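A.B. asks:
Protein chains: 2
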Amino acid sequence: MIDTRFSVSIQIMMTVAHHKDELVTSELLANALDTNPTFVRKMVSRLVEADLLNSYRGKGGGIELARKPNQISLNDIYIASTNEKKLINVHNKPIVKTCEVSCCIKSVLNNLVDGIETSTQSYLAKKTLHDLMKQV
Amino acid sequence: MIDTRFSVSIQIMMTVAHHKDELVTSELLANALDTNPTFVRKMVSRLVEADLLNSYRGKGGGIELARKPNQISLNDIYIASTNEKKLINVHNKPIVKTCEVSCCIKSVLNNLVDGIETSTQSYLAKKTLHDLMKQV
DNA sequence: ATAAATGTGTCAATTATTGTTACATTAAAT
DNA sequence: ATTTAATGTAACAATAATTGACACATTTAT
């Protein structure tokens, strides 16, 4: 099953941003995303923890942006939503000691994965939620 | 289940490169990768189709590089191994017509995904199999 | 108290990847 | 020609990560 958490998080952030100056509920977000409130809240709780959203419990509660859209980079959202998961996965096969390539493959792949992450994150860091909202 | 095809393809290419001037069998590769020959052959057949490997059937057959290591970029391997799959997946939720964000989210996400792909591919295009072999 | 919201744990459902088996095809060697 | 040893591939099973669903605790305004 493919991972769409970054996409879902982007849409959550954009929808909250679109409802400027009001609190939105996880039920509203779940309707807009054709999913269920529990899943939304799990995503939202990561974004809250990353200080991108504020959430308020109890009657009249809901969710709002924690910062202005131009102060929220897409890399902030990426980091919060994927939680350590990398774009490219290094396999976890055991090392075959008789194979010189197998013996060094982990470090080769880890270097490569780190490079891709750094490259992508610097790309995402240049774009903000505000940039995306201009497309609405 | 996580996708490790790019990592596996890198290791296949490196292992074939390491056995310079000889043909390697899918069984040898399967041992080095702690997997089975059929899975290896599925990966190899994509790399053959992309003109990165040559394969020879029949007794005495096997696999060799189709080009010199410095003529094979990591982007070539990436393109061949992932086959249209993107680093970031756009979700496939239905559009909710009453939500302005939902109505434009697909184009916003597709733009973003394209940007990430382009950025990453240009990063990978600068590195070659030869660069990786220096780390063995 | 009640109502309405988030927070979270658990388990089921879905689905993409990986593994397995079987067999067709090919080509060298005897 | 037959045998042997290799790739190619189709079909199906097993595994595991993501998503969905449900229950219930917690919080807060009315």
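Chains as they are written, first to last, in our numbering: chain A, 1080 to 1215; chain B, 1080 to 1215. Don't be surprised by glycine CBs; every beta carbon is placed ideally from N, CA and C. Quick caveat, the model's predicted, so the values are computed rather than measured.
Give a yes or no on whether the minimum CB-CB distance between B/E1163 and chain A is below 9 Å.
C.D. replies: No, no contact with chain A.
A.B. asks: Can you pull the chain A residues whose beta carbon is under 7 Å from the beta carbon of B/S1198, in chain order?
C.D. replies: Neighbours of B/S1198 on chain A, chain order: S1198, T1199 and Y1202.
A.B. asks: Using a Cβ-Cβ cut-off of 8 Å (strictly less than) and excluding sequence neighbours within five positions of A/V1169, which residues of its own chain qualify?
C.D. replies: The residues are K1185, L1188, N1189 and V1192.
A.B. asks: Using a Cβ-Cβ cut-off of 8 Å (strictly less than) and excluding sequence neighbours within five positions of A/L1131, which residues of its own chain qualify?
C.D. replies: Hits under 8 Å: M1092, L1144, A1145, R1146, I1151, D1155, I1156 and A1159.
A.B. asks: In the DSSP output, what is A/I1142 paired with across the bridge?
C.D. replies: Per DSSP, A/V1103 and A/S1134.
A.B. asks: Which first and last residues belong to the alpha helix (DSSP H) in which B/E1179 is found?
C.D. replies: Run containing B/E1179: E1179 to A1204, per the alpha helix (DSSP H) assignment.
A.B. asks: Would you say the stretch 1110-1119 of chain A touches the stretch 1193-1212 of chain B, given that touching needs at least three Cβ pairs under 8 Å?
C.D. replies: Cβ pair count under 8 Å is below three, so no.
A.B. asks: Report, in whole angstroms, the separation of the C-beta atoms of B/G1140 and B/L1102, which I expect to be a contact under 8 Å.
C.D. replies: 7 Å between Cβ atoms; contact.
A.B. asks: Compare the beta carbon distance of B/P1148 and B/M1080 with 9 Å and say whether it is the shorter of the two.
C.D. replies: Taking 9 Å as the Cβ cut-off, B/P1148 and B/M1080 do not qualify as a contacting pair.
A.B. asks: Write down the C-beta distance between B/S1105 and B/V1123 rounded to the nearest angstrom, noting that I regard them as a contact closer than 8 Å.
C.D. replies: With a Cβ gap of about 6 Å, B/S1105 and B/V1123 count as contacting.
A.B. asks: CB A/C1183 to CB A/V1175, shorter than 9 Å?
C.D. replies: No, the Cβ-Cβ distance between A/C1183 and A/V1175 is not below 9 Å.
A.B. asks: Quick one: is A/R1084 buried, meaning 16 or more other Cβ sit within 10 Å of its Cβ, or exposed?
C.D. replies: Looking at its Cβ environment, which holds 16 or more other Cβ atoms inside 10 Å, A/R1084 is buried.
A.B. asks: Sort A/G1137, A/D1100 and A/Q1200 by Cα distance to A/E1163 and report the nearest one.
C.D. replies: Selected option, being the one with the closest Cα: A/Q1200.
A.B. asks: Taking the alpha helix (DSSP H) that B/T1117 falls in, what are its first and last residues?
C.D. replies: Run containing B/T1117: P1116 to E1128, per the alpha helix (DSSP H) assignment.
A.B. asks: Is the Cβ-Cβ distance between B/L1153 and B/K1206 less than 9 Å?
C.D. replies: Closer than 9 Å, so yes.
A.B. asks: Where does B/T1094 sit, in a helix, a strand or coil, going by DSSP?
C.D. replies: Helix at B/T1094.
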